[in-house]
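Residue numbers (my numbering): 12 to 266. Think of the CB as a built atom: it goes at the ideal place given N, C-alpha and C, for glycine as much as any other residue. Input: a single structure, listed below in structure tokens.
Put into structure tokens, the structure is as follows:
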């Protein structure tokens with residue numbers, strides 16, 4: 012295990028640089044100062060074959076955690092990608108096939124290695140545990156949440172009021188992401204601010220299992236080439252493997 016760095020100046024910098032919000036900041040700082048190695052979780056669904064620069068924001072933060080000696084856990088959402096995260100969507104998301112997901116995964120590690128120290132990164136696939144959940148276990152987890160909580164989310168609320176279809180599988184997504192935190196024993200989960208409900212679900216489900224609740228660190232989302240949030244699903248991305256000239260041109264053309 013790497014030496015855990017508890018230099019307060021470096022920890023304060025990690026907690027501030029590029030960060031929008033932390034739940035709960037004082038608790039996370041105390042944990043970082045304790046000298047205990049923390050497990051830092053980031054989950055990414057392989058909805059496309061290329062990782063965009065919006066993903067690079069949390070990846071760079073993970074690298075900062077690595078430099079302080081903490082264990083990064085990168086969850087490849089090969090199961091949740093089939094369900095589809097509705098956090099930022101105004102329409103029902105189509106389900107991906109297993110073949111599509113496998114194709115998207117081909118170059119993931121090589122792309123991530125441009126930012127993370129792969130030798131110090133724990134790669135896991137949530138199909139390994141989510142596919143084994145029984146109907147009884149899922150029913151128990153669902154008891155932790157209400158329909159009112161789900162419909163209070165902005166995108167679900169807007170779709171419901173507009174009479175647009177909302178699939179029950181979309182309600183299951185935050186439960187699955189939350190259970191990921193139990194499976195990997197996450198101390199911290201990071202993600203975009205659009206993921207806040209899902210990140211909080213991890214705290215709720217960890218508490219249900221009698222585990223310490225993970226800290227949450229969120230980041231502001233980057234705009235895509237069309238002015239909407241950068242998203243593989245919308246095809247408005249700038250990837251981390253774009254040629255420098257192309258990347259520069261796309262960045263300069265952002266709205």
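Quiz item: Span of the alpha helix (DSSP H) holding residue 156?
Solution: Position 145 of the chain shown holds residue 156. Element bounds for residue 156: n/a, residue is neither H nor E.
Reduced DSSP category for residue 85 - H, G, I as helix; E, B as strand; rest coil
Sequence index remark: in the chain shown, residue 85 carries index 74 (1-based). Of the three classes helix, strand and coil, the one that applies to residue 85 here is strand, per DSSP.
Does the Cβ-Cβ distance between residue 109 and residue 82 come in under 7 Å?
Here residue 109 corresponds to residue number 98 of the chain shown, with the count starting at 1. Here residue 82 corresponds to residue number 71 of the chain shown, with the count starting at 1. Going by C-beta atoms, residue 109 is not nearer than 7 Å to residue 82.
Just checking, does the stretch 192-199 make contact with the stretch 166-180 on the three C-beta pairs under 8 Å criterion? no
Suppose contacts are defined by Cβ-Cβ distances below 7 Å. Is residue 31 in contact with residue 208 by that definition?
Position 20 of the chain shown, counting from 1, holds the residue named residue 31. Position 197 of the chain shown, counting from 1, holds the residue named residue 208. Contact flag unset, no.
How many Å lie between residue 226 and residue 33 at the Cα? Counted from its first residue, the chain shown places residue 226 at position 215. Counted from its first residue, the chain shown places residue 33 at position 22. In a straight line, the C-alpha of residue 226 is about 7 Å away from that of residue 33.
Query - Alpha carbon of residue 131 to alpha carbon of residue 77, nearest angstrom - result: Counting from one through the chain shown, the residue named residue 131 turns up at place 120. Counting from one through the chain shown, the residue named residue 77 turns up at place 66. A direct Cα-Cα distance of roughly 7 Å separates residue 131 from residue 77.
Worksheet item: Are three or more beta carbon pairs between the stretch 136-146 and the stretch 173-182 nearer than 8 Å?
Response: no
Cβ pair residue 250, residue 125 closer than 7 Å: Here residue 250 refers to the residue found at position 239 when the chain shown is read from its first residue. Here residue 125 refers to the residue found at position 114 when the chain shown is read from its first residue. Cβ atoms of residue 250 and residue 125: not closer than 7 Å.
Check: Cα separation between residue 200 and residue 133?
Finding: Sequence index remark: in the chain shown, residue 200 carries index 189 (1-based). Sequence index remark: in the chain shown, residue 133 carries index 122 (1-based). Cα to Cα, residue 200 sits roughly 14 Å from residue 133.
Can you find the residues in the same chain that come closer than 7 Å, C-beta to C-beta, to residue 56, ignoring five residues on each side of it along the sequence? If you number the chain shown from 1, residue 56 lands on position 45. Around residue 56: 88, 91, 92, 96.
Whole runs of the beta strand (DSSP E) within the stretch 27-75, excluding any shorter than 3 residues:
32-34, 50-55
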